[in-house]
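Here's the structure, in structure tokens; my notes come after.
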């Protein structure tokens, strides 16, 4: 065989092998992985079952956030993370680390689905929470209109007489 034919066949085989490897790699990454030997993680501890930590003199966790504040989300732009905070008046503000949230405190850190704020009474951690669903206003059922049948017409009224 000619040397060009061998070069063509070698190129085709290399292309097929690379394509098969890429397909297998994509298939393995897309398939769910089941690991049988790992123990199941322990159930999440509830607030009632956790021991209450004693506050240190320098850091104090705030138990309840001020009313009306909600972490609506976390945004990222050019590697900088921002906390999207809904304020009691319904307006949203976007704040990065070190900025002051009016009425709440200073953003200490933002990451994942939470933001930590330094308030006047200690550190406060807010987790992303969905907006409350609006309360349905009860409506009065409207009566359905009744259909009126047209009055029966006599043949004389229609302009013809029976024969």
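In the numbering used here, the protein residues as written are 141 to 303. Quick reminder that beta carbons are idealized off the backbone N, C-alpha and C, glycines included. Because the structure is a prediction, the values reported are computed rather than measured.
Could you give the DSSP three-state label for residue i: helix, strand or coil?
| i | result |
| --- | --- |
| residue 166 | helix |
| residue 258 | strand |
| residue 220 | strand |
| residue 161 | helix |
| residue 286 | coil |
| residue 210 | strand |
| residue 150 | helix |
Assuming residue i contacts residue j under a Cβ cut-off of 8 Å, what Cβ separation, rounded to an integer in Å, is found between them?
| i | j | result |
| --- | --- | --- |
| residue 256 | residue 222 | At roughly 14 Å, the Cβ-Cβ gap does not stay under 8 Å, so residue 256 and residue 222 are not in contact. |
| residue 225 | residue 214 | Incorrect: roughly 10 Å between the Cβ atoms, too far for contact. |
Can you give me the C-alpha to C-alpha distance between residue i and residue j, rounded to a whole angstrom?
| i | j | result |
| --- | --- | --- |
| residue 217 | residue 237 | 13 Å |
| residue 229 | residue 252 | 26 Å |
| residue 207 | residue 219 | 31 Å |
| residue 231 | residue 239 | 17 Å |
| residue 210 | residue 269 | 7 Å |
On the criterion of 16 or more Cβ atoms from any shown chain inside 10 Å, does residue i qualify as buried, or is it exposed?
| i | result |
| --- | --- |
| residue 287 | exposed |
| residue 235 | buried |
| residue 264 | buried |
| residue 282 | exposed |
| residue 166 | exposed |
| residue 245 | buried |
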